[in-house]
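Student: Here the protein sequences line up with chains A and B, keeping their order.
Add 13 to a position in the first sequence, counting from 1, and you land on the number used in the numbering used here.
Add 10 to a position in the second sequence, counting from 1, and you land on the number used in the numbering used here.
We put the CB at the ideal spot given by N, CA and C, even for glycine.
Note that the structure is predicted; figures quoted are calculated from it, not measured.
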Amino acid sequence: MGMVTNVTSLGRNGVYDWLVQRVSAVVMLAWFLFVGGFIATHGDLQFIEWRALFAQIWMKVFTLAALVSLLAHAWIGMWTISTDYLTRLSLGSSATFVRLVFQLICFAILLVYFVWAVQILWSI
Amino acid sequence: MLVSIYRYNPETDTQPRMQDYEITLPEGKDLMVLDVLQMVKEQDVTLAYRRSCREGVCGSDGMNINGKNGLACITHVSSVVKNNKLVLRPLPGLPVIRDLVVDMSAFYKQYERVKPYLQNDEPPPAIERLQSPEDRAKLDGLYECILCACCSTSCPSFWWNPDKFLGPAALLQAYRFLADSRDTKTQERLSDLEDPFSVFRCRGIMNCVSVCPKGLNPTRAIGHIRDMLLERAV
Chain A
14 MGMVTNVTSL GRNGVYDWLV QRVSAVVMLA WFLFVGGFIA THGDLQFIEW
64 RALFAQIWMK VFTLAALVSL LAHAWIGMWT ISTDYLTRLS LGSSATFVRL
114 VFQLICFAIL LVYFVWAVQI LWSI
Chain B
11 MLVSIYRYNP ETDTQPRMQD YEITLPEGKD LMVLDVLQMV KEQDVTLAYR
61 RSCREGVCGS DGMNINGKNG LACITHVSSV VKNNKLVLRP LPGLPVIRDL
111 VVDMSAFYKQ YERVKPYLQN DEPPPAIERL QSPEDRAKLD GLYECILCAC
161 CSTSCPSFWW NPDKFLGPAA LLQAYRFLAD SRDTKTQERL SDLEDPFSVF
211 RCRGIMNCVS VCPKGLNPTR AIGHIRDMLL ERAV
């Protein structure tokens, strides 16, 4: 069992990963429904209204929550994909290296998105 | 009827191949796939497959029948044959020893990992550990598993991670002992299951449910394990 428990993902535990995956999905759904609803109810949406929406602190927090949810969701998903398909069974002895590189690339991309999005959000 | 069978003998063959046999089915009888295998064996004695009880109890003759895992002895030819053709392959995802015989070590190893026996650290009573009829009923649909491996070898998560994901058969047995009122190691058992692989690689594909020759539902048992883990974690 040691071998299995040592290799962990975001929550360092399968239960938390499972839970994070579901909760983050709900947060994202709420955000997209809200923003979708906002766009639908503002037929002739102008930059000024769009900016005013994101200038409010609650919208910044809500958007940040959706962003963190998206990144966590993506990380758990990509980590799972890599450990399903980039394994010793499919790739032989180079599997660990390939998996590590894949995960580092994913992590770097998510980190860039995070910093970039925070910067955009707080520049409003 | 054309019977196409996966043949591989690692001692003489460099690669597996499909070999065709022409079998004349008797009129007015719906044979089992195992009967057909017996007729092929009469034509070609080199064909290897496992079989024993021929009534769906021992779980020896699990194989891939026209693309779906099942027990040859209780699968009617009429229920699987399309265009007068029967294709038999070994259970997917396990190493082939010869023809339809697979090495089940990986499968048994996962079964062993869930400690499939009653653990109770209380002093044993004079006669036996009693259980209410209600508690006993919780084991229905769990204890009947015959370990034929049809479910685990039809599960993509088990194909990808046979060493880390326990697979439906072992998880059904894990829940069989989690649900047992006489077992006192529930917490230890749950601790052994909370990593990201053992239980949580289940994606709810439900191939296990669709192929189980005993009509059991490993996906539901896995859901119960997840509920128990979640209840403990939050």
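(1) Would you call tryptophan 31 of chain A buried or exposed, if buried means 16 or more other Cβ atoms sit within 10 Å of its Cβ?
(2) From histidine 234 of chain B to threonine 96 of chain A, what does the alpha carbon distance come to, in whole angstroms?
(3) List the residues that DSSP assigns as beta-bridge partners of lysine 78 of chain B.
(4) Could you confirm whether any beta carbon from chain A is found closer than 7 Å to the beta carbon of proline 178 of chain B?
(5) Does the Cβ-Cβ distance between proline 175 of chain B and phenylalanine 207 of chain B come in under 7 Å?
(6) What is the rounded straight-line gap between the Cα of arginine 17 of chain B and the Cα of threonine 34 of chain B?
(7) Along the chain, which unbroken stretches of the alpha helix (DSSP H) at least 4 residues long are found entirely within the segment 159-242 of chain B?
(8) Count the CB pairs spanning the segment 144-163 of chain B and the segment 51-71 of chain B that are closer than 8 Å, and state whether there are at least three.
(9) How about glycine 27 of chain A: is its C-beta nearer than 7 Å to some C-beta of chain B?
(10) Are the segment 190-198 of chain B and the segment 218-231 of chain B in contact at 8 Å, needing three or more beta carbon pairs?
(11) In chain order, what residues of the segment 203-234 of chain B put their CB closer than 9 Å to some CB of chain A?
(12) So, with DSSP's three-state summary, where would you put leucine 10 of chain B?
(13) What residues in the segment 28-56 of chain A have a beta carbon less than 9 Å from any beta carbon of chain B?
(14) For alanine 180 of chain B versus glutamine 129 of chain B, is the C-beta spacing smaller than 7 Å?
(15) Shorter than 7 Å from the beta carbon of alanine 279 of chain B to some beta carbon of chain A?
(16) When you compare the CB of leucine 200 of chain B with every CB in chain A, is at least one pair closer than 7 Å?
(17) Taking the alpha-carbon positions, what's the glutamine 29 of chain B to serine 88 of chain B distance?
(18) Which residue's Cα is closest to the Cα of isoleucine 107 of chain B: B:Leu81, B:Asp23, B:Val209, B:Ser201?
(19) With DSSP as the reference, please indicate the residues paired to isoleucine 15 of chain B in a beta bridge.
(20) Would you list the residues sitting across from arginine 108 of chain B in a DSSP beta bridge?
(21) Is the number of C-beta pairs between the segment 76-86 of chain B and the segment 138-145 of chain B that are closer than 8 Å three or more?
(22) Could you give the first and the last residue of the continuous alpha helix (DSSP H) run that contains glutamine 113 of chain A?
(23) Could you tell me the boundaries of the alpha helix (DSSP H) in which methionine 42 of chain B lies?
(24) Report the CB separation of leucine 12 of chain B from glutamate 37 of chain B in whole angstroms; it is logged as a contact under 8 Å.
(25) Could you give the C-beta distance for leucine 149 of chain B and leucine 182 of chain B, rounded to a whole number, given that I count them as a contact under 8 Å?
(26) Which residues share a DSSP beta bridge with histidine 86 of chain B?
(27) Determine the chain A residues that contact leucine 239 of chain B at a beta-carbon separation under 7 Å, and present them in chain order.
(28) Could you pull out every unbroken alpha helix (DSSP H) segment of at least 4 residues lying fully inside the segment 18-93 of chain A, listed in chain order?
(29) I need the DSSP call for lysine 119 of chain B, collapsed to helix, strand or coil.
(30) Does the beta carbon of alanine 184 of chain B sit closer than 7 Å to a beta carbon anywhere in chain A?
(31) Below 8 Å on C-beta distance, what does asparagine 130 of chain B contact in chain A?
Tutor: Answer, in terms of the structure:
(1) Here the question's residue 31 of chain A lines up with position 18 in the first sequence. By the 10 Å Cβ count, tryptophan 31 of chain A comes out buried.
(2) Here residue 234 of chain B refers to the residue found at position 224 of the second sequence. Here residue 96 of chain A refers to the residue found at position 83 of the first sequence. Taking the straight line from one Cα to the other gives about 25 Å.
(3) In the second sequence, residue 78 of chain B corresponds to position 68, counting from 1. Note: lysine 78 of chain B sits in a beta bridge opposite B:Ile75.
(4) On the second sequence, position 168 is the one that residue 178 of chain B refers to. So, not an interface residue.
(5) The residue given as residue 175 of chain B occupies position 165 in the second sequence. The residue given as residue 207 of chain B occupies position 197 in the second sequence. Contrary to the premise, residue 175 of chain B reads as phenylalanine rather than proline in this sequence. Closer than 7 Å, so yes.
(6) For this step, residue 17 of chain B is matched to residue 7 along the second sequence. For this step, residue 34 of chain B is matched to residue 24 along the second sequence. Roughly 21 Å between the two C-alpha positions.
(7) Counting only unbroken stretches of 4 or more residues, the alpha helix (DSSP H) elements lying wholly within the segment 159-242 of chain B are 166-170, 177-188, 196-201, 217-221, in sequence order.
(8) yes
(9) Mapped onto the first sequence, residue 27 of chain A falls at position 14. For glycine 27 of chain A, the answer is yes, since a Cβ of chain B falls inside 7 Å of its Cβ.
(10) no
(11) Leu203, Glu204, Asp205, Pro206, Phe207, Ser208, Val209, Phe210, Arg211
(12) Because chain B spans 11 through 244 in this model, residue 10 of chain B falls outside it and cannot be assessed.
(13) Val28, Tyr29, Asp30, Trp31, Leu32
(14) Start at 1 with the first residue of the second sequence, and residue 180 of chain B comes out as number 170. Start at 1 with the first residue of the second sequence, and residue 129 of chain B comes out as number 119. Contact flag unset, no.
(15) Since the first residue shown for chain B is 11 and the last is 244, residue 279 of chain B is missing from the structure and cannot be characterised.
(16) The sequence position of residue 200 of chain B within the second sequence is 190, counting from 1. False, the Cβ-Cβ gap to chain A never drops below 7 Å.
(17) If you number the second sequence from 1, residue 29 of chain B lands on position 19. If you number the second sequence from 1, residue 88 of chain B lands on position 78. Cα to Cα, the separation comes out at about 21 Å.
(18) The count along the second sequence starts at 1 and reaches residue 107 of chain B at position 97. Closest option to isoleucine 107 of chain B, Cα to Cα, is B:Asp23.
(19) For the purposes of this step, residue 15 of chain B is identified with residue 5 of the second sequence, where counting begins at 1. Isoleucine 15 of chain B pairs with B:Gln29, B:Leu98.
(20) Here residue 108 of chain B is taken as the residue at index 98 of the second sequence, counted from 1. The partner list for arginine 108 of chain B (beta bridge, DSSP) reads B:Val111.
(21) no
(22) Here residue 113 of chain A refers to the residue found at position 100 of the first sequence. The sequence as given places leucine at residue 113 of chain A; glutamine does not occur at that position. Counting along the chain, the alpha helix (DSSP H) containing leucine 113 of chain A begins and ends at 108-135.
(23) Here residue 42 of chain B refers to the residue found at position 32 of the second sequence. Counted as a single uninterrupted DSSP element, the stretch harbouring methionine 42 of chain B is not any alpha helix (DSSP H), since DSSP gives it neither H nor E.
(24) Working through the second sequence from its first residue, we reach residue 12 of chain B at position 2. Working through the second sequence from its first residue, we reach residue 37 of chain B at position 27. Contact doesn't hold; Cβ gap of about 18 Å is too wide.
(25) Position 139 of the second sequence, counted from the start, is the residue given in the question as residue 149 of chain B. Position 172 of the second sequence, counted from the start, is the residue given in the question as residue 182 of chain B. About 11 Å separates the two Cβ atoms, so there is no contact after all.
(26) Looking up residue 86 of chain B in the second sequence gives position 76. Histidine 86 of chain B is bridged to B:Met42.
(27) Translated into positions along the second sequence, residue 239 of chain B becomes position 229. Going along chain A in sequence order, the residues near leucine 239 of chain B (Cβ under 7 Å) are Val28.
(28) Entirely contained in the segment 18-93 of chain A, the alpha helix (DSSP H) runs reaching 4 residues are, in chain order, 27-54, 60-68.
(29) Looking up residue 119 of chain B in the second sequence gives position 109. For lysine 119 of chain B, the three-state secondary structure derived from DSSP is helix.
(30) Within the second sequence, residue 184 of chain B is the residue found at index 174, counting from 1. So, not an interface residue.
(31) The residue you call residue 130 of chain B lines up with position 120 of the second sequence. Proximity of chain A to asparagine 130 of chain B at the Cβ level (cut-off 8 Å) is not reached, the minimal Cβ distance being about 21 Å.
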